[in-house]
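*Asks:* One structure coming up, written as structure tokens, with questions to follow.
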Amino acid sequence: MCLCCGPASLSRRGLFATALAAAAVPAWGQVQPKSAGAAAPGLIDDLVAANRILYDQGVVDGFGHVSVRHDKEPDRYLLSRSMAPALVTVDDIIEYDLDSNPVDPKGRTSYLERYIHGEIYKARPDVVAVVHSHSPAVIPFADTDVPLRPMNHIAGFLGPGAPVFEIRDTGGPATDTLIRNASLGHALAATLGGHAIALMRGHGSVAAAQSIRHVVFRAIYTEVNARMQAEAMKLGTPKFLNAEEAAGASKANDALVDRPWALWKQRAMGKA
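Numbering (numbering that gives the first Met the number 0) for the sequence shown: 0 to 271.
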């Protein structure tokens, strides 16, 4: 046997073949999921607009993200690559399975906290869109014992108040508060339960709804409500909507979200 074909050479070839095979498997250690196919163009357009609107309305800045469930396959969702929301375009949208594995990422980096979206979609079949943000007026309510409750009819979706996710209960005392894996995402989804909004202690909040337009409405008016509640507390004891008022107002507003959406979109993108 010649030296070039000796055992050491064969061993090197075997290692090389193994490395090539490993390179074909995504870094997250699972086989890359198959695509559900092209989503409706209008859905993608609304997702791009939602990113721009949330930035324009001060709900997100360089951080935060919004997703939507795929219109052709409920076990897939759409989310932009990791970037500032105001810069998102159609070409930045990536499809994910509900384990938050990207489908054909084409070298684009995924958001670290995409598990927020995947785990909420798993837990809530009724949810079609999710927003995660760090909107500044909301965070004080996540970090104190004061519950965030609806001040007026526009925020009726808050119901009896937004629950607060405590990451220490799942991740221990030394996390960076980020939802870095499915386990933390699952715990957050459990805190959200059937609510529209959940706050995240030391971090931000999540909003869930039946469409992109509804979830943008909720994310924006959660921030507005937080500002109003903080102001009301300076004057005295706030008088919140009761459960019946909140439910009735939320139902009425659900039929009206297209009106503010048109305004927000025109302002954020220069077209209605």
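Cβ atoms here follow ideal geometry from the backbone N, Cα and C, with glycine treated the same way. Please read these numbers as outputs of a predicted model, since none were measured by experiment.
Helix or strand or just coil, what does DSSP make of I119?
*Replies:* In this structure, I119 counts as helix in the three-state DSSP scheme.
*Asks:* Please check the pair V87 and N50, which I expect to be a contact at CB under 8 Å, by giving their CB distance rounded to whole angstroms.
*Replies:* Sure, about 4 Å apart at Cβ, within 8 Å.
*Asks:* Is the stretch 244 to 254 close to the stretch 143 to 152, with three or more CB pairs under 8 Å?
*Replies:* Touching, yes.
*Asks:* Of the residues V129, T108 and L46, which one's Cα is nearest the Cα of M268?
*Replies:* Nearest option by C-alpha distance: L46.
*Asks:* Would you mind reading off the limits of the beta strand (DSSP E) that contains D96?
*Replies:* Segment I92 to D96, the beta strand (DSSP E) holding D96.
*Asks:* By a C-beta neighbour count over all protein chains shown, 10 Å radius and 16 as the cutoff for buried, is E118 buried or exposed?
*Replies:* E118 comes out buried.
*Asks:* From the DSSP output, in three-state form, read off A207 for me.
*Replies:* Three-state DSSP puts A207 in a strand.
*Asks:* Just verifying my parser: in three-state terms, what is the DSSP assignment at A331?
*Replies:* Not covered by the structure: residue 331. The range shown for the chain is 0 to 271.
*Asks:* My guess is that E94 and S34 are in contact by the Cβ rule of under 8 Å, so how many angstroms apart are they, rounded?
*Replies:* Their Cβ separation, rounded to whole angstroms, is 6 Å, which keeps E94 and S34 in contact under 8 Å.
*Asks:* With a 10 Å radius around its C-beta and 16 neighbouring C-beta atoms as the bar for buried, classify M199 as buried or exposed.
*Replies:* Looking at its Cβ environment, which holds 16 or more other Cβ atoms inside 10 Å, M199 is buried.
*Asks:* Between the alpha carbons of P73 and P146, how many angstroms are there, rounded?
*Replies:* C-alpha separation (whole angstroms): 33 Å.
*Asks:* Where do the N-terminal and C-terminal ends of the alpha helix (DSSP H) with A128 fall, by residue?
*Replies:* No alpha helix (DSSP H) contains A128, which is instead part of the beta strand (DSSP E) from A128 to S132.
*Asks:* Buried or exposed: R113, going by 16 or more other Cβ atoms within 10 Å of its Cβ?
*Replies:* The residue in question, R113, is buried, as its Cβ has 16 or more Cβ neighbours within 10 Å.
*Asks:* When the Cα of R123 is compared with those of A38, A248, A188 and L262, which residue comes out closest?
*Replies:* Checked all of A38, A248, A188 and L262; the closest Cα to R123 is A188.
*Asks:* Quick check on Y76: does DSSP put it in helix, strand or coil?
*Replies:* If DSSP states are grouped into helix, strand and coil, Y76 belongs with the strands.
*Asks:* In whole angstroms, what separates the C-alpha of A37 from that of N224?
*Replies:* Taking the straight line joining both Cα atoms gives about 37 Å.
*Asks:* Go through its chain and collect everything with a Cβ distance to A251's Cβ below 6 Å, but skip five positions before and after it.
*Replies:* Closer than 6 Å at Cβ, skipping near neighbours: no residue.
*Asks:* Measure the C-alpha to C-alpha separation of T190 and T169 and round it to an integer number of angstroms.
*Replies:* Those two C-alpha atoms are separated by around 11 Å.
*Asks:* DSSP on A22, reduced to helix/strand/coil?
*Replies:* Model confidence at A22 stands at a pLDDT of 36, short of 50, so the residue's coordinates are unreliable and nothing is read from them.
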